[in-house]
Structures are given as C-alpha cells and as structure tokens.
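K.L.:
Chains as they are written, first to last, in the working numbering: chain Z, 3 to 390; chain F, 3 to 390.
C-beta atoms are modelled at their ideal positions from N, C-alpha and C, and glycine is treated no differently.
Number of protein chains: 2
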Amino acid sequence: VSAPSGVRAPRAEGSPRTAGPQSLDELETPAAVVDPRLVAANARRAAEYARAHDLAWRPHTKSHKSRAVGRIQLEGGARGLTVATPREAEVMADVTDDVLLAYPPVGESKVARAVRVAGDVRLTVALDSEAALEALAAAAARQGVTVGVLVEMDVGMRRVGVQSAEEVRALAGRARALDGVEYRGVAFYPGHIRVHQDEQEQPLAELSARIGRLLDVLGSADLAPAVVSGGSTPTFWRSHEVVGVTEVRAGTLIFNDREQVAMGAADWADCAYSVLATVVSTAVAGQAVVDAGSKALSKEGRGAGGTFGALLDRPEVTVSGLSEEHGILDLSATSWRPTVGERVRIVPNHVCVSANLQDALWAWDGDHLERWEQEARGRGPWLPAPAR
Amino acid sequence: VSAPSGVRAPRAEGSPRTAGPQSLDELETPAAVVDPRLVAANARRAAEYARAHDLAWRPHTKSHKSRAVGRIQLEGGARGLTVATPREAEVMADVTDDVLLAYPPVGESKVARAVRVAGDVRLTVALDSEAALEALAAAAARQGVTVGVLVEMDVGMRRVGVQSAEEVRALAGRARALDGVEYRGVAFYPGHIRVHQDEQEQPLAELSARIGRLLDVLGSADLAPAVVSGGSTPTFWRSHEVVGVTEVRAGTLIFNDREQVAMGAADWADCAYSVLATVVSTAVAGQAVVDAGSKALSKEGRGAGGTFGALLDRPEVTVSGLSEEHGILDLSATSWRPTVGERVRIVPNHVCVSANLQDALWAWDGDHLERWEQEARGRGPWLPAPAR
C-alpha cells in the first residue's frame, strides 16, 4: 500500500440540487452562514503554520461535519482528517484516504463500522484501554484488515487517556503483539490549556517535558512512536513548542468562534461562521428578540462573559439570554434599535455545537449562495429520510 | 366549520420500516430511549388534571418533535397541540386539526408556511407586534384563509409579549379589524415562575391578579378573550389558581427531566426519557467516561447543581462534565465501578434540547423496541435526505 496523499478524488454523487434560495435575503431563519473565503483562508493559514514547523495538520471535522469543508481543509493543505464518531469516519472516508478516529469504538456495532472503514481507507484509532484494543483487533483480524492504533495519554485534562508513560508502554506493547492492529504511536489532547488565560509558557513547557519523558520511556522499550498526535485550537499556533509532536488535530479554527477570540486564539475577523436570525419581537424595552435560540446557538457559556453570542457586525450587541427558539439581544451598549423583521448574524460561543444543530451550512461569499450538507451529523446507520 | 376535535385521523404513510434493532442491547449509543408507558401515563395525568379544572391541555410539541408522541398526547386527552416553528406546525398538522403556533411567523417564508397550514387545519398564532399581525393578515387574506390570533402579554419573564393590558387591547382591536385574521384571545408564558423555589403562593397570586386586570380591560372594550392560553411545566399543576385561564401549553411533562424533578414539578419515577450511553474509558480514577456528550445531552446547567445529568437507575451518579462526545460520570457517591463497554441511561437536565439532538426516539417498554421519528426536527422545507 503506497503512502496516502490525504486527498481522495471526489465521488460522483449526482447531487440532486434543489432550486433553493439564491441569497441571504431568501434564506429562512435561523440559518447557519459561512464565508467560504474565510474558511479557505483559515485552512491555508493553519496548514502553512504546520508546514513551517514540519507538523502535519489533521483537522478534526466534528466542527463542521461536512464533506465540502473537509475538502477545503485538504485542498488547503491538511494531511488527512480527524473524526470522533463512526458516522464522521464513514463520511470523511469519502474525501480523504487517511482518517484518524480519535475516539475508541466501543460496542459491537461501532467496532464493525470502524473495521468497515479500515477496509476502505487507512484508518487509525486512538484508544486508552485494553478492552477497546482487544475488541478492535479481534474484529479487524476477522475481516483481514489492519487498523492503526495510537495510545492516548492524559496530559492533565482528566477526561480520557492512560495516566502514565508506563501504561502507554504496556498498551503499545500489547497493540504491537496483536493481529488486526498496528501500533502507530501516541495521542494526547491538551484541552485544559487555555493559552490566553495564562500567558507564561509554563503549561506548554510542562506539557513538552511530559511528552519528552513519554518518548524516552517508549524509545527505551523499542516502541518509539511514528506518530505523536496532539494539538487543540487554543494552543494551535504554539504546537511546535511541544517536543516530538508530529501532527495537530485542531479543527475549530476552520470557523473560529467567540470563545476562541476571547482566548486570543483568533481575531474577530477570522470568524467564518454565524447564525442568520430575524428579529421577531421588540416588545420589551432595551432588548430585541431573535429567532435563533438554544436550538440554533446552543446554551454554552464557556467563559464568554455569561452571554451566548454576539452580532458579527456589531460585537457590542450580545445575546444575553436564550430559550429554545428565542435569543435575547442586549441593546444596552448600542444606540441601534432594530425593528421586527430586521436580520442579524450571530457568532456563537462554541461553533462546533452550533453547527451540529443546523440542517446545513450556507456558504455565502457576498455574491453566490451554496448549500453545504453536513452529511456526518447524527449517528447512522439507521437514518431513513423523514417520512415527509 | 365545526369545532375541531383535536385528533386527526392518521395519514397512511406506508412507513418503510427497516429491520433495525430489536432491543436496547442492539442499539448503538448514544441513543434516546423513552418509556411509552410513562409517556402515556404522563399524558393521561396532565389531561385529567386539566379536565378536573375545566382547562384545555394543549401541550407544546417542541419537547419531542414526533408525530408518534403528538398522537399519544391527543389520545391521552390533549385538546390540540402547540408548536414554535413552521416545521413543527406542518408536521403536527398531520395529527391534529387544531394547532397553536405560539411564536410569531416573521419573514415572508414563515408567513407563507403558516398560511398554508391554516388552509389545512384550524391555526392560531400568538404574537406581540403590529408588524407581525399585519403581515400575517395580509398573506392570509390573499389566500382566502383565516388565521386565529392570540395577543401575547409579558407577565414578568421579559422575553416577548406586550407590556400592558392597554397594549393588548390595542393589538386585539387591530386584529379584530383586519381581514385574514380572527381575534381569539390572549397568551402568556409564566416561564419565570419556579414553583418549588418559592413555595408561597405569591407569584401565582400576582400573576392571577395581573390576568384579572387584563380581562377587565378587554371586557370593557368588548374584547373579552375566548382563549386565555398560559401554563408552563413548573407551574402546571397549579394552573387553576390563575383566574380566567382556559388552556395550558405545558409540554415538558410528557417526558420530564432532571430540572423538573429539582423544581418539584415531577418525580424521578415520572422521567420517561433517558440517553442510553456506553462507557468508553475508565482510565482516570474516580470517574467513567461515556459516549453521550454535549451533542447528546446538551450542556445546560440550569439549576441542577452544576452537573449535566444523572443515571436513571443510580441518580447519585451525576454527569460532572461534558465535551462534545464525552460525558464524565462522577463516581464519588457510589461504590459501583463500571467497566469499558458497560451501558447506562442518563436523564438530562433539560429534555427538550436533548431530544432535539437525536436522530430518533427509541420507545422501549421492556419488551418491544420501536423507532419514533422526530419529523419536526430541523427547519425545512429544503431538507433533502443526506446524499449517503
């Protein structure tokens, strides 16, 4: 098998395009709007940074769940794609021949789906338990395919990952011994490090020392990892400060959001995603109510001052409250007084969960409107179309 | 036109049923599971309470977005259904002939969709602005249909609703004067009143006094409302304490959730909805990680102690953290130590936003598994099936 290039030729899908809306004005709200020029620019900049530091950028596609955006990431210079669910793996295997499932497939059906993807493209799985490893290896061996394995280590976030270099070594050794899987390296996720909140380099230096020790332990055991997969959007531009890292998975930066801007990981002008909404009520003084609520923006506060979003063109206007279908625009910092029917675009706190709430993404370059499906939303495979 | 009965004969849908899983064990996780026996019991109890107090129960269907659950509500004794979006209106018009759109349709496409529904079933719309009223009336008149109108008044939540009885009177008078619409009454939503947090009857007494004054003002202007639509799940069982109310829209009680239990509006045993999840990691001591994250449960804290859910069968085990595909089970209050692969059922804080994240609801009565589509999820009408 020759080394994968990362990009896969698009399948002929005979996409049945409905007539549909031609401009933002014709979109019914709420609707997710992305600027394809910013998406492409964000992808290029990330890939350039990675190239400059001899890193592979393997972006996580959970932020968009769309083949179209995956293709832009690859065309911009991404080396393969990262996914979290079987559905994402299946869909992204249509656009790249090199998929990292950064999540252990646990349970018969998930293992079977992962193995099926591995029969089609180069698949690597990150995991942290012998239980997950053994089940995956057994299923892969039965099907005569090979699944790559990264052993995940916890570097301080305390979510998943084995707790010590010695445990990594043990699981890596077990992976090497089993049929059906191939030990490829290690993975970690520094999701607890918020660069902006702690300007000193200590957290990254500590992380780097920890990875260095891990590499020593593995090297001594003849288990030197081919892949050291790390990276998050908040720490992305400083990924090169962590010794030994070979690839970074940061995905949110394809769109950016209010939280990334608050952390200093992006500028407001880099925000490529917003939710188009319509003012539906101005009955209560000092505020306007729009039709984008928690079912379009998601109610995640996430260190953005207790508010849930801000207007793309008027960032001083924040979303101070959310019900399921209502967003409350706080007008206290503006003299602007919208009327019922007026439209706004809202940048959410956390774009990945907002994008997951949409029927589709609408790409608008100021001139041309295109619908980008989010084929990897939902769980599948039992996803018959709604009866209607 | 004869008075609607509320229930509409089901359409023949020729539902193409896939083989699919036959039991909870065969479901891939995360998956939303509902107990149809509890759903039916919750519906019956609500309808019985309403009947005993001469109120109509017109439940909000945003909590489930499913024709199947709408039918159970109607069979249990609901009188028509409430919706928030055009999509919900279109879908629920298949199961009832009497729909309340408790949300102003603002924008050409939403108005057109509302008017189309009004050509098919009895439709009433709650609104709070002349702009929304005039656009709706004009479109309805053009199509030769009549849309009922409730004028919404703010009773303290400060979300939507005109601010005084006099404003209600003015808008009601305008509705009566316009072709295409029929003034039917008033609506309010006491979403700010949390019964359990304030056991004294003052909030409800104040609300009742406020509605009483409103009825006086309207009565004096020959605008006595045929419908006074109110009610929320937290205040549901005390709706009869508010003078003049004719219908209550409470919908969450069909499932209940952790927040309703915390407020004393439901018992844990009334919780009909949970998310089935699989343990995927036990690498970090004191916790277990499941595959239900914020994309299955939603990250809404909502006064439930800063945690995001609890196990149905072990409510002392809470979800202490959520990433998009990871839920952290806090094991500090239990001696139970789950292993990778073990399955749990999690009751979320806010069921309506969790249900909105699912591909479908799985009805499990302990013996038989049935898939209930959520046809009203998403926005439509441009909803072609995913290409794959």
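1) Against chain Z, which members of the segment 324-344 of chain F pass a CB distance test of less than 8 Å?
2) Am I right that Gly232(F) and Val244(F) are in contact with their C-beta atoms under 8 Å? What's the rounded C-beta distance?
3) I think Thr254(Z) touches Leu57(Z), with their Cβ atoms under 8 Å apart; what is that distance to the nearest whole Å?
4) Going by other Cβ atoms of all chains shown within 10 Å of its Cβ, with 16 needed for buried, is Gly121(F) buried or exposed?
5) Quick one: using the 10 Å Cβ neighbour count with 16 as the cut-off for buried, is Asp361(F) buried or exposed?
6) Could you round the C-beta distance between Ala143(F) and Gly109(F) to whole angstroms and report it? I think they count as a contact, below 8 Å.
7) Any idea if Gln24(F) is buried or exposed, counting beta-carbon neighbours within 10 angstroms, 16 or more meaning buried?
8) Under a CB-based cut-off of 8 Å, is Ala140(Z) close to chain F?
9) If I'm right that Gly380(Z) touches Arg89(Z) with Cβ under 8 Å, what's the distance once you round it to whole angstroms?
10) Please state the DSSP three-state secondary structure of Val113(Z).
11) Going by other Cβ atoms of all chains shown within 10 Å of its Cβ, with 16 needed for buried, is Ser334(F) buried or exposed?
12) With three or more beta-carbon pairs closer than 8 Å as the criterion, would you say the segment 128-143 of chain F touches the segment 51-68 of chain Z?
13) Please look up how many angstroms separate the CB atoms of Val162(Z) and Leu125(Z), rounded, as I've assumed it's under 8 Å.
14) Rounded to the nearest angstrom, what separates Thr98(Z) and Ala70(Z) at their Cα positions?
15) Could you tell me the boundaries of the alpha helix (DSSP H) in which Glu30(F) lies?
16) May I ask you to list, following chain order, the residues of the segment 115-131 of chain F that have a beta carbon less than 8 Å from some beta carbon of chain Z?
17) Indicate whether at least one CB of chain F lies closer than 8 Å to the CB of Ser210(Z).
18) Straight-line CA distance for Trp239(Z) to Met159(Z)?
19) Quick check: the Cα distance between Pro340(F) and Glu169(F), rounded to an integer number of angstroms?
20) For Ala137(Z), which residues in the same chain have their Cβ closer than 6 Å to its Cβ, ignoring the five residues on either side in sequence?
21) In the DSSP output, which residue or residues are listed as bridge partners for Gln289(F)?
22) Quick one: give me the first and last residue of the beta strand (DSSP E) that Leu363(Z) is part of.
23) Answer with yes or no whether the minimum CB distance from Pro106(F) to chain Z is below 8 Å.
24) Look at Leu26(F) and Leu363(F) and say whether their C-beta atoms are less than 8 Å apart.
25) For chain C, is any of its Cβ atoms less than 8 Å away from the one on Asn358(Z)?
26) Suppose contacts are defined by Cβ-Cβ distances below 8 Å. Is His66(F) in contact with Ile256(F) by that definition?
27) Are the segment 35-45 of chain F and the segment 265-285 of chain F touching, with three or more C-beta to C-beta distances below 8 Å?
28) Terminal residues of the continuous alpha helix (DSSP H) containing Gly232(F)?
29) For chain Z, find out if any of its Cβ atoms is closer than 8 Å to the Cβ of Ser276(F); answer yes or no.
30) Just tell me which of Val219(Z), Leu129(Z), Ala133(Z), Arg171(Z) has its CA closest to the CA of Tyr191(Z).
31) Should Gln262(F) be listed as close to the ligand GDP, given that the test is whether its C-beta is under 7 Å from any heavy atom?
P.N.:
Let me lay it out:
1) Ser325, Glu326, Glu327, His328, Ile330, Thr341, Val342, Gly343
2) Position 230 of the second sequence holds residue 232(F). Position 242 of the second sequence holds residue 244(F). Gly232(F) to Val244(F), Cβ: 6 Å. Contact.
3) Mapped onto the first sequence, residue 254(Z) falls at position 252. Mapped onto the first sequence, residue 57(Z) falls at position 55. 17 Å between Cβ atoms; not a contact.
4) The residue you call residue 121(F) lines up with position 119 of the second sequence. So Gly121(F) counts as exposed.
5) If you number the second sequence from 1, residue 361(F) lands on position 359. The residue is buried, with at least 16 neighbouring Cβ atoms inside 10 Å.
6) Locating residue 143(F) in the second sequence gives position 141, where the first residue counts as 1. Locating residue 109(F) in the second sequence gives position 107, where the first residue counts as 1. The C-beta distance from Ala143(F) to Gly109(F) rounds to 18 Å, too long to fall under 8 Å, and the pair is not in contact.
7) The residue you call residue 24(F) lines up with position 22 of the second sequence. By the 10 Å Cβ count, Gln24(F) comes out exposed.
8) The residue you call residue 140(Z) lines up with position 138 of the first sequence. So, not an interface residue.
9) As a first step, residue 380(Z) is located in the first sequence; it is residue number 378 there, counting from the start. As a first step, residue 89(Z) is located in the first sequence; it is residue number 87 there, counting from the start. That pair is a contact at about 6 Å.
10) Here residue 113(Z) corresponds to residue number 111 of the first sequence, with the count starting at 1. Three-state result, Val113(Z): helix.
11) Numbered from 1 along the second sequence, position 332 holds the residue referred to as residue 334(F). Ser334(F) is exposed by the Cβ-count criterion.
12) Here the segment 128-143 of chain F makes no contact with the segment 51-68 of chain Z; the two share fewer than three CB pairs at distances below 8 Å.
13) Here residue 162(Z) refers to the residue found at position 160 when the first sequence is read from its first residue. Here residue 125(Z) refers to the residue found at position 123 when the first sequence is read from its first residue. Not quite, the Cβ-Cβ distance comes to about 19 Å (not below 8 Å), so this is no contact.
14) For the purposes of this step, residue 98(Z) is taken as residue 96 along the first sequence, with counting starting at 1. For the purposes of this step, residue 70(Z) is taken as residue 68 along the first sequence, with counting starting at 1. Whole-angstrom Cα-Cα distance: 12 Å.
15) As a position in the second sequence, residue 30(F) is number 28, starting the count at 1. In the DSSP annotation of this structure, Glu30(F) is not part of any alpha helix (DSSP H), being labelled neither H nor E.
16) Taking a C-beta cut-off of 8 Å against chain Z, the contacting residues of the segment 115-131 of chain F are Asp130, Ser131, listed in chain order.
17) Looking up residue 210(Z) in the first sequence gives position 208. Judged by the 8 Å Cβ criterion, Ser210(Z) is not in contact with chain F.
18) Walking along the first sequence from the start, residue 239(Z) turns up at place 237. Walking along the first sequence from the start, residue 159(Z) turns up at place 157. So the two alpha carbons sit approximately 19 Å from each other.
19) Within the second sequence, numbered from 1, the residue matching residue 340(F) stands at position 338. Within the second sequence, numbered from 1, the residue matching residue 169(F) stands at position 167. Taking the straight line joining both Cα atoms gives about 59 Å.
20) Counted from its first residue, the first sequence places residue 137(Z) at position 135. If we look at Ala137(Z) and ignore the five residues flanking it on each side, its Cβ neighbours are Val113.
21) The sequence position of residue 289(F) within the second sequence is 287, counting from 1. Under DSSP, Gln289(F) shares a beta bridge with Asp332(F).
22) Here the question's residue 363(Z) lines up with position 361 in the first sequence. Leu363(Z) -> beta strand (DSSP E) spans 363-366.
23) Position 104 of the second sequence, counted from the start, is the residue given in the question as residue 106(F). It does: the Cβ of Pro106(F) has a partner Cβ on chain Z nearer than 8 Å.
24) Within the second sequence, residue 26(F) is the residue found at index 24, counting from 1. Within the second sequence, residue 363(F) is the residue found at index 361, counting from 1. Leu363(F) sits away from Leu26(F), with the two beta carbons spaced by 8 Å or more.
25) In the displayed structure, chain C is absent; the protein chains listed are Z and F.
26) As a working note, residue 66(F) is residue 64 in the second sequence. As a working note, residue 256(F) is residue 254 in the second sequence. The Cβ-Cβ distance between His66(F) and Ile256(F) falls below 8 Å.
27) yes
28) For this step, residue 232(F) is matched to residue 230 along the second sequence. From DSSP, Gly232(F) is part of no alpha helix (DSSP H) but of the beta strand (DSSP E) over 229-232.
29) Looking up residue 276(F) in the second sequence gives position 274. Not flagged as an interface residue toward chain Z: Ser276(F), since no C-beta distance is shorter than 8 Å.
30) Looking up residue 191(Z) in the first sequence gives position 189. Per the Cα distances, Leu129(Z).
31) Among the components modelled here there is no ligand, and therefore nothing to report on the ligand GDP.
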